[in-house]
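Let me begin by presenting the structure, written as structure tokens, before commenting on it.
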Amino acid sequence: MASSSVLSEERGARGIPKAPFIEDVEKYLGGADAEIEGPLKAIQDAISKYRYMDSNLNQRRLSLEEKIPDIQKTLSMVEYLQERREGKTSQSEDDLEDDLEDEEPTSSSKPLKTTFELNDTLFAEAELEDTDTVYLWLGANVMLSYKLPAAIQLLRSKLEAAETNVASLTEDLEFLREQLTMMEDYFSDPPSVCFRNSSTTEPPANVTQSCGQGSGDVPLFAILAESASDIQAGVNFARDYNLRLAIKSSGHDYLGRSTARNSLLISTHKLQNISLVDNFTVGGVDQGPAVTIGSGVPLNSLYTALKAEGKIFVASSVATLAPAGGFVQGAGHSALSPSYGLAVDNVIEFTVVIASGDILTVNDAENSDLFWAMRGGGAGSWGVIISATFRVYPTFNAVYCDTNVTTSTPSIMGSVATVHARHIFDLDPLRAGQYFWVVPVDGTGSNSSLLAMQIQTIFPNNASVEAAEAALQPFIDDASNITDVQVETACEEQLINDMLFAADDSVGTNIILGSRLFSESLYETSPEAIGDMYVGLLENGTLGIFGNLVAGGKVAENANISMALNPAWRTAKTHVFLAHEWADSATIPDVIATQHAFSSGYERAALVGLAGEDSGSYTNEGDRFEPNLQVTFYGSTENYEKLEQVKSAYDPEDLFLVTAGVGSERWDEAGFCRLA
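Start counting the sequence shown at 1; every next residue gets the next number (full-length UniProt numbering).
So this is what it looks like as structure tokens:
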């Protein structure tokens, strides 16, 4: 590479550098035998710079958005005072007059009655004498007096400038996030999949960290589909020539299902259409407002597009995840799920290319058996999704609370986890969602001198900061009363569209997960046992214990919807999972041992011993080596048998074959040799 920086000299309207389009990867790297570590580090550095700019610009925009209502309110009050002096009244001032409690007919000679805020909950009555002068705060503890006309002129100019700056910052953020998505895609597009991605094959001795043919789970060829016909051509070619086929939308898959060794990969990343309608019908029945999205649309683009239309969509906080792919087929949980259900509860229709190469419309009225299977029957087993249609809802402000609990020993953290379990139902009246995790801050498990429970709670549907803080306070009080426990919390209000994709999963990490769904009854009857589980896992050296409060509420209320979703979701309260990592320098035997650590070790026994063998696991964030996947991922042998019947009808030769997917038990691990 000629430069240590990959950012283009070409810049956007306000100086943001454009991300480069790497058309020839080999040329960019400097030849077929060139080392890739340097270029990859340069890309990572560029991503870090874009993320820093994103955070900075977003903070500036949020600050301005918070100031605009204050400016508008102040301007309205000053304009009212001026009109009152001039003897004018207008219908638009009715609300303001109510606020000022002017019970007499409007007259500049009579004082205005109002209330003066002493603190958040205490007000004193006051009277405003007739005046032609007001005092305005200019910041930095500076207040100046202005005649009413001058104050109006100043406030109008400040309001116009603030609104203009917000619009400019919003435009900058959209451009910046396009560049960031492009840079991140260099790690998620086909050329970046290296041999350690779910691999169990040792690479040739002369291969280092770079990718190469035959080295692990790497496709030999890839189709970057731009249309439905591209997908049809790929499916037909793979079927006719008996090729191993892999499908990838965004590649956020912990089980390795978005790649396959020596396969033909179909990437749907370029299917980026977004179409919103007020009334979507299925079989003549109005389903209400809905959005149809291509299977390559990432959440950051979708949330931004829906924001402009005053709508929101039920999905996760992973900015570059494509929801119309494996996410929805596996269930698709969200911090909004207690209020609006899972993503799979909100999908109305799929357009999909099946193994025959045909394009099918799949919904409750057409191909309803396949619609049943695709809602919870797992990613990658049914066809290539062209688009999916989901319900949308009016957007709203939400309150985000960040709580940090620290202590020094696993036993004390177990007490904190018990208190958390006891108070988890405190959030139900507000239908809040929550992400919580316990990690050693230094060292691992029992060797750490500091442990932290970090909690992110989202209170939807225009909840107030005061209501959110009140809901969390009982937990905070009880946790603070435990010896050697420190608790900090902070809450802020924001539009939900902006809040959900404020963060993203990191790319290029070596990680596997194991998980279980914890039922509401478990939290009701056994909070102490949950705390004991935390103690055992931490003392055993577990890297981290992660939990998602993404069930209950509407998820439970949707139990009557007929779909393939694991029934354990309908009685669940949380999804709890554990993680294992390995270093880039790890040998393949070490990688294999790490990949089997959950299923063969203490951790699975700890989760299953508490939640029960039939408690179920989230197929998108589970362990590919689960010994009884038919029950763990799909709920029961009866449910799985029905899925197999649908599979046989639409894909009799198992063209769409993925790890832990329906029919995978008939094949060897690589998916090349049929076992039965």
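Cβ coordinates follow ideal geometry from the N, Cα and C atoms, glycine included.
The structure displayed is predicted, hence computed values, not measured ones.
Coil, strand or helix - residue 394 by DSSP: Strand.
In the DSSP assignment, what are the bridge partners of residue 404? 454 and 488
Where does residue 55 sit, in a helix, a strand or coil, going by DSSP? helix
Which residues does DSSP pair with residue 294 in a beta bridge? 387
In the DSSP assignment, the alpha helix (DSSP H) including residue 599 goes from what residue to what residue? Start and end: 597 to 600.
Keeping to the same chain, check which residues put their C-beta closer than 6 Å to that of residue 546; ignore five residues upstream and five downstream. 437 and 577
Look up residue 667 in the DSSP assignment and say whether it is helix, strand or coil. Looking at residue 667 - three-state DSSP - the assignment turns out to be strand.
Report yes if the C-beta distance between residue 573 and residue 337 is below 8 Å; otherwise report no. Against a cut-off of 8 Å, the Cβ pair of residue 337 and residue 573 comes out as no contact.
Can you tell me whether residue 208 is buried or exposed? The criterion is at least 16 other CB atoms within 10 Å of its CB, across all chains shown. Note that residue 208 scores 42 on pLDDT, short of 50, meaning its location in the model is unreliable; the coordinates nonetheless yield the value given after this. By the Cβ neighbour-count rule, residue 208 is exposed, with fewer than 16 other Cβ atoms within 10 Å of its own.
Three-state secondary structure (DSSP) of residue 497: Residue 497: helix per DSSP, three-state reduction.
Would DSSP call residue 153 helix, strand or coil? helix
Return the chain-ordered list of same chain residues with a C-beta closer than 7 Å to the C-beta of residue 630, the five sequence neighbours on each side being excluded. 637 and 640
With DSSP as the reference, label residue 464 as helix, strand or coil. coil
Run through DSSP, which three-state label would residue 579 get? strand
For the alpha helix (DSSP H) containing residue 127, list its first residue and its last residue. No alpha helix (DSSP H) holds residue 127; the beta strand (DSSP E) holding it covers 123 to 128.
Delimiting residues of the beta strand (DSSP E) encompassing residue 516: 511 to 519
C-alpha gap between residue 223 and residue 392, whole angstroms: 31 Å
Identity of the residue in 354, 598 and 42 nearest residue 513 by Cα: 598
Drop a sphere of 10 angstroms on the beta-carbon of residue 203, count the other beta-carbons inside from all chains shown, and report buried for 16 or more, exposed for fewer. Residue placement at residue 203 is flagged as unreliable, the pLDDT there being 38, under the threshold of 50; the coordinate-derived value follows with that caveat. Classification for residue 203: buried.
Using 8 Å as the threshold, is the segment 639 to 656 in touch with the segment 582 to 600, meaning 3 or more CB pairs across them? no
Within the chosen definition, does the segment 321 to 328 reach the segment 532 to 540 through at least 3 CB pairs nearer than 8 Å? Taking 8 Å as the limit for Cβ pairs, the verdict is that the segment 532 to 540 does not touch the segment 321 to 328.
So that I know if they touch, is there some Cβ in chain C lying closer than 8 Å to that of residue 640? You won't find chain C in this structure, because it holds only one protein chain.
Check this for me: beta carbons of residue 232 and residue 347, under 8 Å apart or not? no
Identify which residue in 181, 38, 144 and 54 has its Cα closest to the Cα of residue 19. Comparing Cα positions, the closest option is 181.
Extent of the continuous beta strand (DSSP E) run through residue 346: Taken as a continuous stretch (DSSP letters only), residue 346 belongs to no beta strand (DSSP E), being part of the alpha helix (DSSP H) at 343 to 346.
Along the chain, where does the alpha helix (DSSP H) that runs through residue 531 open and close? 527 to 539
Over what stretch of residues does the beta strand (DSSP E) that includes residue 222 continue unbroken? 221 to 224 is the span of the beta strand (DSSP E), which, as asked, contains residue 222.
By a C-beta neighbour count over all protein chains shown, 10 Å radius and 16 as the cutoff for buried, is residue 177 buried or exposed? It is buried - the Cβ of residue 177 has at least 16 other Cβ atoms within 10 Å.
Local conformation of residue 636 per DSSP, three classes: Reduced to three states, the DSSP call for residue 636 is coil.
Expressed to the nearest angstrom, what Euclidean distance is found between the alpha-carbon atoms of residue 418 and residue 530? 6 Å
Residue 610 versus residue 124 - alpha carbon distance: 56 Å
7 Å Cβ shell around residue 290 - same chain, five flanking residues per side excluded: 277, 280, 348, 389, 390, 391 and 392
I need the DSSP call for residue 278, collapsed to helix, strand or coil. Residue state for residue 278 is assigned as coil, using DSSP reduced to three classes.
Given a cut-off of 8 Å, decide if residue 575 and residue 511 are closer than it, judged by their beta-carbon atoms. no
Classify residue 499: buried if its beta carbon has 16 or more other beta carbons within 10 angstroms, exposed otherwise. Buried, since its Cβ has 16 or more Cβ neighbours within 10 Å.
If contacts are defined as beta-carbon pairs under 8 Å, then residue 305 and residue 267 qualify, I think. What distance do you get, rounded to the angstrom? About 22 Å separates the two Cβ atoms, so there is no contact after all.
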